[in-house]
Structures are given as structure tokens and as C-alpha cells.
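As C-alpha cells, the structure follows; a few thoughts come after it.
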Amino acid sequence: MNEKIFETLEFGKVLQKVQAHAQTELAKDLIKEMRPSSNRKTLEQLQAETEQSLTLLTQKKQIPIPRLQNLSNALKRLELGAGLNGLEIAQIGKLLSTTHQLIQFFSQLSEEEKDFPALNRWVEQAISLPDLVKLIDQSVSEEGSVLSNASAKLSGIRRGQQQSEQQIRNQLNQLLKSKANQLSDSLITVRNGRYVLPVKAEYRHQFGGTIHDQSSTGQTLFIEPQTVLQLNNKLAELQVEERKEIERILLEISQTLMPHYQDIEKNQLVIAQLDFIQARAEYARETESTKPIFSQDRHVAMWQARHPLLDSNEVVANDIILGENYQALIITGPNTGGKTILLKALGLIQLMGQSGLHIPCDRGSQLGIFDQVFADIGDEQSIEQSLSTFSSHMTNTVRILENMTYESLLLFDELGSGTDPQEGAALAMAILNYINKVGSTVMATTHYPELKVYAHDAPNTINASMEFDSNSLSPTYRLLIGIPGRSNALDISQRLGLRTDILTEARQGISQDTQSVNEMVANLERERREAELNHLEAMEQLEAAEQLHQDLRTEYNRWLEQKNDIVEKAKREANEKINEAQAEASKLIQEIRELQLEQGQSQTIKEHVLIDKKNAFDQLKVPENLKKNKVLKRAKFQQTLKAGDDVEVLSYGQRGTIVEKSGKDEYVVQMGILKMKIEGKDLTPLNKVENKTKVHVQRSAGPKVQTSLDLRGERYEQAIHRLSQYLDSALLSNHSMVTIIHGKGTGALREGVKDTLKKHPQVARFEYSAANAGGDGSTVVYFK
């Protein structure tokens, strides 16, 4: 992309704001070199990186990247086999520690099941070198000084230095006390690496020793006393040994790092890329920017676009739509209306999006993918080249027309200006016709009224204007697409008090065509304002209606829930009472059975009457709704739907009554005066008032209980229920042994019979029948 566009649209200022969020020097270099891409795959990758990093920031999680220097020169020396100084080694240690922290950070995110594939793509390239980190941490401080425990020899040298320094200080302290009158000050200082005392010049011979320096006035001499000469010499020797040992240690560490210089270089690149990505995300959060959608067909739809370099509290947002229904947007209107700012905003936002930055627009905004963005904006008059304003604009326009393609975005400010208005308008229309033939996307601003008519008649072209409030005599900076701008000079002059006769003469001087165009524009603007007010009023009414509907639906659902809760509570309480009654009945039956056993066969109580009464208790239970499992509940309701049932039709939110069943899962439902065919899954039965359950007790004498029960072919639940009833009947008939025929089959019923017999309190034992009597296809039961 041509470099001139970055200067024209001030793209560099955006990059400076992004750079402010970077931590590493290499990331700042990457930001400085940011350039738009026209490759869709690359753009999607860049935008995904920014989006995922922004997601981390919104979750209050930040990629752990400290401030790091660019170590490219140090790594180059490692590649060549040269040693590094302490600070460079310390910075490499910091780099490797950061790499380890990054790997741990994203590993923790993975354990939390938070996936960031675009960021992980970089993290996966990082190489952890824990041994090198440990070596550097033990040997070099963060400031680059070599630590005493880097080697035993260095530790011994520094202990010797401390001892020598202490001995020197002891000797000098004694001199401070004994020769205080000969000293200029009672302090010990250092000159040329040797400990000295400040001695008055007149006592130089009496004090004795080696002079190393003197004050600016010559009144004080810094003398090394003879008594500490040997100690100072020893300290100097130790300092030389220290330097040599430090050089050896640094070279040894450098040699250890040399085989890994490529891994270290890779880690630096990974950290820089992640820092680069996080800086883009930080800028997106700062400017409240969003991820754009990219159109391969170069369709632009920027919703509430804001110029990124203007104050966010003052900038006016606009919807910019270009490329789908029209390729050329011609903006007309007075000066200072915001046309040029809008032009720059379109170009700058497009450059930002194609560089991987989020854009200052509302979510869902769409950008085109352009191979080039060209702009002719501002007065580029050149004194050196002797070019007029018109010439400079035309030179720039010629360059644009020579280099543009059908995939380019063109921005023209005051196209054709700087010359005779009639010639300038004709030239502007000819240029626009040529651009239309090539197929480039263009936005242009102009003052020429002829271009309003051109934009109305030309294919793929539309008028637009910047709104002007004639009441306040000031621009609103709002873009109005489809409405050409009009001159407000006469209206403004009238409001400012210009004489009526002058205004009348001025209006007579305006051509009839121009006056008609102005009147047409005024009418369009007035109609637009009325339509906008009507739209706002309709939206407010719609919002109020939707809120009212939501409130009614909420209250209705709450009422249904309360109603169902009351019914279910009543059912539970009824079932609890019935369970209590069943327990009492079972207790009475047991007492009667024991009484029968005591009286022998002379009983007078009818057996079948007792069994029927016990069965009647079981039938009294009211089934409760399956509140937790809506799928099962709906399936159960659909099985029981029948004509006459009251139901709610879910898709309409209306109450109705089933008239008849018209298909496998289809019913005719009466809703008011309407009859409609509705699928069963769209119906929910409504509870009716439960009728009191009528219990019929069979009082006629029942048949005598047989000594065998055949359960073959029955459903499992039904068979087990019949078995329980049969065992009670057999006990009341004083059978000591019965046979249960369950068959072999899959074995499920046989196991169910065994479980039931094990739990029954009156069963003494049971076993399979003899081989010639059915084998394991039947079970013989013995009662207590």
C-alpha cells in the first residue's frame, strides 16, 4: 500500500497510541511497522488475536509480560561465540522467566477450559529452559551484577575484601581520633580506589603518607597513611582477582547460553508478538472498538463510526454505507460541516481494520478488503514546484487514476475545486465516470451543485450531505445518505439581519434550476425530519407495547405456576392421607389374618371383600405432575389428550378446547370463534377442578384363590403388582404353599419375582420347581 496515505490520514498517530500500551521494545517496533493486509486469511487471524486478547482483558486477566529490552544484538554475539556482560545475561534470564510464566498462564487457562486458539498458536512455539533460568538466577542479579554465590572462589575473594576493608577502617579510625587537629574533616573517603583521609595542607609532612588528590582550593590533601598502605595494596589485588573471576563466570554462562541462542531468539519473538497483540487489545478497550466483519466484495457498512483521533466525548458518530448498492458517494454541503473529517474517518478506520486493529464502530460493522487506499485531501500547494492549488490536486488525482484498480478505495476532498466552477464541475463528473467504469469504490466531497444532479442520475452513485441546523445556524456533523446538501448562505444572511431588498435581488440572481434543486433538497430534508420523528415515536410505542406484553406474560406465567403449585400441594396432601389410611388398613388386615389363624377354618369374614378393599386404597392415589422433567410431562399429557380437554396453545399463547383428534398427533382445537388444527407438541393441558374419587367396593363373593399364579406374557410392573395381591390372597386362604409361573424369557421377570418374595414378611422360603414340573420357569413359595 502506498506510504503517502499513512501520512495523509495520520495513521502514524493511531500507531503511537497503540505503542503506549506495549511493554517490550520489539513489540513497539512491530507496531511501528504495522501495515494493512489485503489477504482475508491474514486479516481473520489478526482480528481473532485481538478479539481473544480483549476477552482476557474483560475477564480481568492480563498476559504476564514485563518491560523487556530488545536482545537482538546480544543474541547475535552469542551466535558469533562472543561473551555477554552481566546486564545482558540478566535480561536474558528475565526473558526466559517470562516465557515460563506465559506457558504456565495459558496452561492454567486450559485447565479452566478457556480456549484461546489464536493466542495458543504463539504460546505453543515458546520453549521453556528452566535449567538456564536457574543458572542465571543463582549467578546474576536483576541489575546485572554477579552474585557472590556464583562460584566458591568469588565468594572467598569478597570475604577477603570485606576483611581488608574492615582492617583499613579500624586503622584509619584510630588516626581520626589521634590526629583530629591535623584533619579538615573527621571522615574516611576513597580516591583512585584507595582509602584516604582529608589532611590540612600545612600538616602534610607531619602526617606522612601518599597524596592521591587535593581539594579545589588546595587547602585539603587526600593522603593515604603509611599504616594502611599494605592493606590498600591487598584490597587492590583482591579487586583485580574479583574482576577476573567475574569475567570468567560471565563467559562460562555465555558459553552455556550459546547452543540455545535460537530458542532464546524464538522466545523473544513469541513474547513480542503476544505483547503486540495485547497492545492492540488494550487500545480496543480504550477506544471501545469492536471486531469488524470483512467483505470480499468490498461492501462497507460502518455503524456509528467515530474518528479515532477525536475526543470520544465530542465526536459525532455516523453510519457509513458504501459499496453494496452504490460504489460512489457524493457528499455536498457547506464548509465546516464535517465532510473532510468523515472522509478521513472512512479511510483511517479501513486502514485500522486491515492492519488487525479493532475499529471504533458498533458491533456488526463491515469493512471491505481493498488492495489500495488513495486520498486527495487538503491543500497541497507547493511553492518549490510552482504548483497552484488546482495543479497540486490534479497532479495527485492523476497519480491516483494511474495506480488504482477495481479493488481500490478512493477519497477525494473537493473534487475539481481550485478552478472555474463550470470547468471544475465538468472535470469532476468526467473523473467520476472513469472511476465508475473501472469499478473502484469512491467517496468524494464537493461544493458544485451540478454534482448533485449527477449523483442523482449516474448509475451506482448516490447523493449525501452533512446535516445543517437552520434554526441554530450550525452544523450537526450528521451524515444524511440519499439527501444532497444545499447552500444555506441566503437563509443564514436573512437570520443575521441582512436587508430584505438585498436578499430579494440575490434570490433573483440565482438560476431557476439552482433554485429548484435547493427547494427539492429543502423538501427532502423536511420530509426526512418528519419521517425520523415518526419513526422515533413508533419505536417508543413499540418498546412500550413489548414491555407491556412481557409484563403480562410474566404475570400470566406466575399465575399458572402458583395455580399448579396449589393443585400439586393438594394432591400431595391427599396422597399422604391415603398412605396413612393404607398403612392402617394393612395393619387391620394383618390383625384379621392372625385372628383367622387363631380361630382356624371357622372364619366368617369373606376373603375377597378384604382384598377388594385393599385394592381400592391403591386406586385412590392421585398422580402428581412431573415438574422437573418437562419432556416426560409433555409426553404423558399427549397420551391423555382427548376431546373436551382444556389446553393452552403455546405458539399463540391462547386457551382452547379440544374438539376432536384429527391425526396421529394432531387435534382440532376451538379458540374462541376459531377452529384450528394444532400439533400435539404445541398443546399443554390446563388443570381442571378434580372430581371426588368414587370408590366402588365389590361385595359379591369372589372366586376361591388358586394355588398357582401365571404371570407369563405380562408387563413387568403389572406382573409384580399382581404377584403382591396374589400373595395376600393366598395367605388369607391359608395356603401353605403356592406356585408362581413366570417363564424363562430374558430372566427379568424371574428376578423381579425373587426380589418380591425376599421382601415379603410371610414368605418362609422359595425354590425353583422340579425339572419335570417346569424347572426354573416357575418358583414354589412356602409361607410361614
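Position in the sequence shown (from 1) plus 579 gives the number in my numbering.
Ideal Cβ placement from N, Cα and C applies to all residues, glycine included.
Just so we're clear, the structure is a prediction, and the values are computed from it rather than from any experiment.
Please report the distance separating the alpha-carbon of residue 855 from that of residue 776. Within the model, the alpha-carbon separation for residue 855 versus residue 776 is close to 56 Å.
Given a cut-off of 8 Å, decide if residue 955 and residue 972 are closer than it, judged by their beta-carbon atoms. Yes, Cβ-Cβ distance for residue 972 and residue 955 is below 8 Å.
Grab me the residues of residue 812's own chain with a C-beta within less than 6 Å of its C-beta, minus the 5 sequence neighbours each way, in chain order. Closer than 6 Å at Cβ, skipping near neighbours: no residue.
Based on DSSP bridge pairs, tell me the residues matched to residue 1287. Partner(s): 1318.
Only counting the same chain, and skipping five residues up and downstream in sequence, which positions put a Cβ closer than 6 Å to that of residue 885? If we look at residue 885 and ignore the five residues flanking it on each side, its Cβ neighbours are 894, 896, 939.
Would DSSP call residue 698 helix, strand or coil? DSSP, read as helix, strand or coil, puts residue 698 in helix.
Taking the C-alpha atoms as reference points, what is the distance between residue 1039 and residue 878? In a straight line, the C-alpha of residue 1039 is about 13 Å away from that of residue 878.
Which residue from 841, 620, 1298 puts its Cα closest to that of residue 706? Taking only the C-alpha atoms, the option nearest residue 706 is 841.
How should residue 1326 be labelled, buried or exposed, when 16 other C-beta atoms within 10 angstroms of its C-beta is the threshold for buried? It is exposed - the Cβ of residue 1326 has fewer than 16 other Cβ atoms within 10 Å.
Return the first residue and the last residue of the beta strand (DSSP E) that residue 991 is part of. For residue 991, the uninterrupted beta strand (DSSP E) segment begins and ends at 987 to 991.
Does the pairing of the stretch 1043 to 1053 with the stretch 906 to 924 give three or more beta-carbon distances under 8 Å? Yes: the two stretches touch, three or more of their Cβ pairs being nearer than 8 Å.
Distance between residue 610 and residue 924 (C-alpha atoms, nearest Å): In a straight line, the C-alpha of residue 924 is about 20 Å away from that of residue 610.
Expressed to the nearest angstrom, what Euclidean distance is found between the alpha-carbon atoms of residue 1348 and residue 1355? The straight-line gap from Cα to Cα measures roughly 6 Å.
Do we get a CB-CB distance below 8 Å when we pair residue 925 with the residues of chain B? Going by chain labels, chain B is absent from the structure shown, which holds only one protein chain.
So what does DSSP say about residue 1003, is it helix, strand or coil? Helix.
Using only the heavy atoms of the ligand ATP, determine whether one of them is closer than 7 Å to the beta carbon of residue 1326. This structure simply doesn't include the ligand ATP, nor any ligand for that matter.
I'd like to know whether the C-beta atoms of residue 947 and residue 992 end up nearer to each other than 8 Å. Going by C-beta atoms, residue 947 is not nearer than 8 Å to residue 992.
On the criterion of 16 or more Cβ atoms from any shown chain inside 10 Å, does residue 719 qualify as buried, or is it exposed? When all chains shown are included, residue 719 counts as buried.
Residue 786, DSSP secondary structure in three states: Here residue 786 sits in helix by DSSP.
Counting C-beta neighbours from all protein chains within 10 Å, is the total for residue 875 16 or more, i.e. buried, or is it exposed? Counting other Cβ atoms within 10 Å of its Cβ, residue 875 stays below 16 and is therefore classed as exposed.
On the DSSP letters alone, give me the boundaries of the alpha helix (DSSP H) that residue 1309 sits inside. Boundaries of the alpha helix (DSSP H) harbouring residue 1309: 1295 to 1311, taken from the DSSP string.
Please name the residue, chosen from 848, 636, 1154, 735, that lies closest to residue 825 on a Cα-to-Cα basis. Its Cα nearest to that of residue 825, the residue 735 stands out among 848, 636, 1154, 735.
What residue range is occupied by the uninterrupted alpha helix (DSSP H) comprising residue 549? One cannot answer for residue 549 here, as it falls past the ends of the chain, which runs 580 to 1363.
Coarse secondary structure for residue 947, derived from DSSP in three states: Strand at residue 947.
Evaluate the contact criterion for the stretch 599 to 607 versus the stretch 825 to 835: three or more CB pairs, one atom per stretch, below 8 Å. The answer is no - the stretch 825 to 835 does not touch the stretch 599 to 607, with fewer than three Cβ pairs under 8 Å.
Counting along the chain, where does the beta strand (DSSP E) carrying residue 1048 start and finish? Where residue 1048 is concerned, the enclosing beta strand (DSSP E) stretches over 1040 to 1048.
Element boundaries [beta strand (DSSP E), containing residue 876]: Here residue 876 belongs to no beta strand (DSSP E), and DSSP marks it neither H nor E.
Run through the stretch 643 to 721 for me and flag every whole alpha helix (DSSP H) of 4 or more residues, listed as ranges in chain order. DSSP runs (the alpha helix (DSSP H)) wholly in the stretch 643 to 721: 651 to 659, 665 to 690, 696 to 702, 709 to 718.
Using a 10 Å radius around the Cβ and a threshold of 16 neighbouring Cβ atoms, would you call residue 1075 buried or exposed? By the neighbour-count rule (16 or more Cβ atoms within 10 Å), residue 1075 is not buried but exposed.
Output the boundary residues of the beta strand (DSSP E) element that contains residue 901. Taken as a continuous stretch (DSSP letters only), the beta strand (DSSP E) holding residue 901 covers 897 to 901.
For residue 1057, three-class secondary structure by DSSP: Secondary structure at residue 1057: strand, using DSSP grouped into helix, strand and coil.
Touch check for the stretch 850 to 866 and the stretch 695 to 706: three-plus C-beta pairs under 8 Å? They touch, by the three-pair rule.
Within the continuous beta strand (DSSP E) that includes residue 809, where are the two ends? First-last for residue 809: 808 to 836, but that is the alpha helix (DSSP H), not the beta strand (DSSP E).
Please state the DSSP three-state secondary structure of residue 1235. DSSP places residue 1235 in strand when its eight states are reduced to three.
Could you tell me the alpha carbon to alpha carbon distance between residue 804 and residue 769, rounded to whole angstroms? Using only the alpha carbons, I get a separation of about 13 Å.
Stretch-stretch touch, CB-based, cutoff 8 Å, three pairs: the stretch 905 to 914 with the stretch 929 to 936: By the Cβ criterion, the stretch 905 to 914 is not in contact with the stretch 929 to 936, since fewer than three pairs of Cβ atoms, one from each stretch, lie closer than 8 Å.
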